[in-house]
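S.K.: Just dropping this structure here.
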Amino acid sequence: MKAKVRSYRDLVAWQLAYALGLEVHRIARTMPTGESFGLGSQLRRNAISVASNIAEGYGRGARGDYLRFLRVSRGSIYEMDTQLLFARDLQLLDDSTYARTKAMLDESERVLAALIRSLERTKPVDPTTTHASSFDRAQPFQDPPADPLA
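Residues 77 to 226 (this note's numbering) are what the sequence shown spells out, left to right.
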């Protein structure tokens, strides 16, 4: 049985993105001082962007907005993927840290992509449609699926 989503914090996609964001911030803190304003800063901004866009899209209440923000979040994941690769290849990250973080990033992207697909499959997207009317017109309000893979 799927858990009822009462907040963006209940979304598995947000939970994974938040954990990834914390890990990326820890990594960025270990980079040399010169990188804290370069690659480290880019990583930190994207790490915050992923979870923040999931939350903002959910909070907008309209499925079209929600999907748009989820796609922005996915774009930030791809940016972060590239930045982590640069960090590894510039020897700012060791291979084990890169592999661990890349696995977290891949899982976050997989769940986010599944959530996007799940929302795209439910009735045509109307930017003015609220969560309630886009998921079940008979209910006064129904949250989107918590975990599209469950």
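By construction, the Cβ of each residue, glycine as well, lies at the ideal position given by its N, Cα and C atoms.
Remember, it's a predicted structure, so these values are computed and weren't measured experimentally.
Could you tell me whether the stretch 154-161 touches the stretch 118-126, using the rule of 3 or more Cβ pairs below 8 Å?
M.R.: Result yes; three or more Cβ-Cβ pairs closer than 8 Å.
S.K.: Between which residues of its own chain and T173 is the CB-CB distance below 7 Å, once the five residues before and five after are set aside?
M.R.: Along the sequence shown, read from residue 1 onward, the residue named residue 173 stands at position 97. The answer, listed in chain order, is I103.
S.K.: With the cut-off set at 9 Å, would you say V187 and V88 are in Cβ contact?
M.R.: In the sequence shown, residue 187 corresponds to position 111, counting from 1. In the sequence shown, residue 88 corresponds to position 12, counting from 1. Yes, the pair counts as a contact, with Cβ atoms nearer than the cut-off.
S.K.: Leaving out the 5 sequence neighbours to the left and right, which residues in its chain are closer than 6 Å to R164 when beta-carbon positions are compared?
M.R.: Against the sequence shown, residue 164 aligns to sequence position 88. Y174, listed in sequence order.
S.K.: Buried or exposed for R139, going by 16 or more other Cβ atoms inside 10 Å?
M.R.: Counting from one through the sequence shown, the residue named residue 139 turns up at place 63. Result: buried.
S.K.: Just to confirm, is the Cβ distance from S149 to G133 under 9 Å?
M.R.: To locate residue 149, count along the sequence shown from 1; it is residue 73. To locate residue 133, count along the sequence shown from 1; it is residue 57. In contact: S149 and G133 (Cβ atoms closer than 9 Å).
S.K.: Measure the C-alpha to C-alpha separation of R85 and Q91 and round it to an integer number of angstroms.
M.R.: On the sequence shown, position 9 is the one that residue 85 refers to. On the sequence shown, position 15 is the one that residue 91 refers to. Answer to the nearest angstrom: the Cα atoms are 6 Å apart.
S.K.: Closer than 8 Å by C-beta to N136: which residues in its own chain qualify, once you throw out the five before and the five after it? Chain order, please.
M.R.: As a first step, residue 136 must be located in the sequence shown, where it is residue number 60. For the sequence presented, residue 136 should be read as Arg rather than Asn. The residues are Y142 and F145.
S.K.: Buried or exposed: where does A123 fall if 16 or more other Cβ atoms within 10 Å of its Cβ makes it buried?
M.R.: Numbered from 1 along the sequence shown, position 47 holds the residue referred to as residue 123. Result: buried.
S.K.: Can you tell me which of the three DSSP states A89 falls into?
M.R.: For the purposes of this step, residue 89 is identified with residue 13 of the sequence shown, where counting begins at 1. It is helical.
S.K.: Considering only their Cβ atoms, is the gap separating L96 from L191 smaller than 9 Å?
M.R.: Counting from one through the sequence shown, the residue named residue 191 turns up at place 115. Counting from one through the sequence shown, the residue named residue 96 turns up at place 20. Not closer than 9 Å, so no.
S.K.: With 16 other CB atoms within 10 Å as the buried threshold, where does L169 fall?
M.R.: Stepping through the sequence shown from its first residue, residue 169 is reached at position 93. Buried, because 16 or more other Cβ atoms sit within 10 Å of the Cβ of L169.
S.K.: Please specify which runs of the alpha helix (DSSP H), each continuous and at least 4 residues long, are wholly inside the stretch 135-178, giving them in chain order.
M.R.: DSSP runs (the alpha helix (DSSP H)) wholly in the stretch 135-178: 139-165.
S.K.: Looking at L160: is its Cβ nearer than 9 Å to the Cβ of K178?
M.R.: Translated into the one-based positions of the sequence shown, residue 160 becomes position 84. Translated into the one-based positions of the sequence shown, residue 178 becomes position 102. A contact, by the Cβ cut-off of 9 Å.
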